[in-house]
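For reference, the structure is listed below as structure tokens.
2 protein chains.
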Amino acid sequence: MTTKAKAKTETAAGAPGDTRTRIVRAASRLMQRQGYDGTGIKQISQEASATLGSVYHFFPGGKQELAVAAIQHGDQEFVEELRHVLGTVEDPAEAMIVLSRRMAEGLRDSDWIDGCPITTTSLGAAGRIPDIQTAAARTFARWRDLVQDKLRAGGIAQEDAYELAHTAISTLEGAELAAQVSRSMEPLEIAGRHLARLITLYK
Amino acid sequence: MTTKAKAKTETAAGAPGDTRTRIVRAASRLMQRQGYDGTGIKQISQEASATLGSVYHFFPGGKQELAVAAIQHGDQEFVEELRHVLGTVEDPAEAMIVLSRRMAEGLRDSDWIDGCPITTTSLGAAGRIPDIQTAAARTFARWRDLVQDKLRAGGIAQEDAYELAHTAISTLEGAELAAQVSRSMEPLEIAGRHLARLITLYK
DNA sequence: TTCTGGATAGAGCGTTCGTTCTAGAGGAGA
DNA sequence: TCTCCTCTAGAACGAACGCTCTATCCAGAA
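Respectively, the protein sequence lines represent chains A and B. Under the working numbering, the first residue of the first sequence is numbered 1, with each subsequent residue one higher. Under the working numbering, the first residue of the second sequence is numbered 1, with each subsequent residue one higher.
In structure tokens:
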């Protein structure tokens with residue numbers, strides 16, 4: 001009631017189909033597949049059933065601001081997948097196998113087009129656009145932290161857990177990339193087994 | 001002397017500065033940094049000190065053909081680095097540590113812009129352009145084969161060597177990506193140590 | 001010398017890019 | 001009813017895109 005604006009969608013309700021959300025989702029999906037430069041604002045607005053005016057209304061910072069939001073959306077998506085697997089499978093080593101298999105299946109089911117939700121978006125642009133580099137770095141750190149906590153909870157020493165979490169994320173990332181490019185689940189399946197084996201060494 | 005044409009540059013000498021080579025090198029370097037869609041043909045021709053006419057003379061297939069040549073160039077570049085390290089360091093496990101450190105140093109020395117020579121080029125385009133996906137897949141397979149041979153020579157069984165080579169390439173790839181995005185050598189250094197540890201398990 | 005074909009040179013094509021701008025629709029509060 | 005403000009709508013701009021095209025250069029063959 002003061003002059004300060006209310007939360008933007010307080011009255012209109014932040015429904016899942018609300019325009020801003022549709023735009024972010026479309027941007028995230030398209031950039032995941034085609035990269036930052038390969039995806040146009042107009043394509044995003046069409047895919048989101050929104051107009052150019054709406055896009056620039058919600059993202060006055062233009063394509064760069066939209067890309068950062070898309071990365072954060074992809075981040076959150078994988079955080080939920082990660083939380084689900086780590087929360088379901090008790091043994092951290094076993095969890096790596098389950099995780100890699102699920103990633104492989106998701107990749108195959110999308111006909112090898114939906115890889116890591118943030119790598120493609122950020123790779124070509126990170127060198128030119130600092131905000132995108134920062135957002136991508138924060139994402140990796142977040143994923144690593146989740147794995148690290150799981151390893152600690154599994155009885156692994158802090159320093160070992162820290163390093164293993166680094167390698168777990170790196171290896172899964174690289175294996176997903178290799179799997180996508182070679183259109184085969186094998187790199188991810190092998191990576192899962194090796195990560196499990198590596199983790200059991202530190203228990 | 002027959003009607004069959006001689007090798008194109010037989011007389012003109014395939015000097016390192018020859019136009020076609022300069023174009024491929026510029027394309028490879030630029031696409032490595034900016035991706036397929038982020039790199040323009042005109043930018044490549046300027047960087048190579050060539051003209052648009054020359055580019056389309058040597059690459060009538062246009063940007064796609066040029067991108068494939070750029071990937072093969074990047075492939076060859078890393079093959080030489082790989083051959084050098086694997087040929088110098090006798091122990092395969094130790095070789096992984098040396099390799100990852102050299103990759104980390106190269107990345108840092110380029111101020112974190114020169115990552116994997118083919119990932120950025122191929123990621124956004126592989127889904128749309130089959131030739132690029134195929135070239136990237138062949139590249140990964142080639143790198144893996146070199147590592148696999150080294151592991152075999154180090155006394156590791158065929159099946160184990162096959163799988164370890166997969167994980168070695170995946171992990172190095174992912175760690176380079178993480179290192180680039182977080183502007184830190186740590187992911188690569190940790191990856192090298194873990195790969196070495198993993199390899200010694202199979203000896 | 002004349003001829004030939006690889007290589008260089010760059011103007012210009014149609015298209016798409018990211019962005020800006022003005023206009024209007026729709027709902028809440030006075 | 002009138003006002004205000006968020007959000008929708010899309011035409012239009014200059015720049016850059018990939019690519020085509022014609023013209024020219026020049027070394028070696030005839």
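The beta carbon of each residue, even a glycine, is placed where N, CA and C say it ideally should be.
Residue range of the alpha helix (DSSP H) that includes residue i
i: Ser-122(A); result: 119-126
i: Met-96(B); result: 92-109
i: Met-185(B); result: Per DSSP, Met-185(B) belongs to no alpha helix (DSSP H) and is neither H nor E.
i: Pro-60(A); result: Neither: Pro-60(A) is in no alpha helix (DSSP H) and is coded neither H nor E.
i: Lys-150(A); result: 130-153
i: Leu-201(B); result: Note, Leu-201(B): premise wrong, no alpha helix (DSSP H); not H, not E.
i: Val-24(A); result: 19-34
i: Ser-45(B); result: 41-47
Proximal residues of chain A, C-beta to C-beta of residue i below 8 Å
i: Leu-172(B); result: Gly-174
i: Ala-178(B); result: Phe-140, His-166, Ile-169, Ser-170, Glu-173
i: Glu-186(B); result: His-166
Residue i to residue j span [Cα, whole Å]
i: Ile-129(B); j: Ala-196(B); result: 36 Å
i: Ala-13(B); j: Asp-149(B); result: Low confidence applies to Ala-13(B): its pLDDT is 31, below 50, so where it sits in the model is not reliable enough to give any reading.
i: Asp-160(A); j: Val-147(A); result: 12 Å
i: Leu-172(B); j: Gly-192(B); result: 8 Å
i: Gly-174(A); j: Leu-99(A); result: 14 Å
i: His-194(A); j: Ala-95(A); result: 12 Å
i: Leu-198(B); j: Leu-198(A); result: 6 Å
i: Ala-165(B); j: Phe-59(A); result: 44 Å
i: Glu-47(B); j: Ala-70(B); result: 14 Å
i: Tyr-36(B); j: Gln-32(A); result: 15 Å
i: Asp-91(A); j: Leu-151(A); result: 9 Å
i: Gly-106(B); j: Asp-114(B); result: 8 Å
i: Thr-119(A); j: Tyr-202(B); result: 32 Å
i: Leu-30(B); j: Thr-134(B); result: 20 Å
i: Asp-131(B); j: Val-68(B); result: 7 Å
i: Ala-168(B); j: Arg-144(B); result: 8 Å
i: Lys-4(B); j: Arg-20(B); result: With a pLDDT of 27 at Lys-4(B), under the threshold of 50, the modelled position of that residue is not reliable, and the figure given next carries that caveat. Each residue's Cα considered, the two are about 21 Å apart.
i: Gly-87(B); j: Glu-65(A); result: 47 Å
i: Met-185(A); j: Ile-41(B); result: 35 Å
Neighbouring residues, chain B, relative to residue i (Cβ below 9 Å)
i: Arg-197(A); result: Leu-198, Leu-201
i: His-73(A); result: What His-73(A) touches in chain B: nothing, since even the nearest Cβ is about 17 Å away.
Chain-ordered neighbours of residue i on chain A, where CB pairs are closer than 7 Å
i: Val-98(B); result: Within 7 Å Cβ-Cβ: nothing; Val-98(B) doesn't reach chain A, min ~17 Å.
Contact set between residue i and chain A, taken where Cβ atoms lie within less than 9 Å
i: Ala-136(B); result: Val-181, Ser-182
Contact set between residue i and chain B, taken where Cβ atoms lie within less than 7 Å
i: Ile-190(A); result: Glu-163, His-166, Thr-167
Beta-carbon neighbours of residue i, restricted to chain B and to distances below 8 Å
i: His-194(A); result: Glu-163, Leu-164, Thr-167, Leu-198
Residues in the segment 24-43 of chain B with C-beta within 7 Å of chain A's C-beta atoms, listed in sequence order?
Arg-33, Gln-34, Gly-35, Asp-37, Gly-38
Using a beta-carbon distance cut-off of less than 7 Å, what residues from the segment 113-134 of chain A approach chain B?
Ile-113, Thr-119, Thr-120, Ser-122, Leu-123, Gly-124, Ala-126, Gly-127, Gln-133
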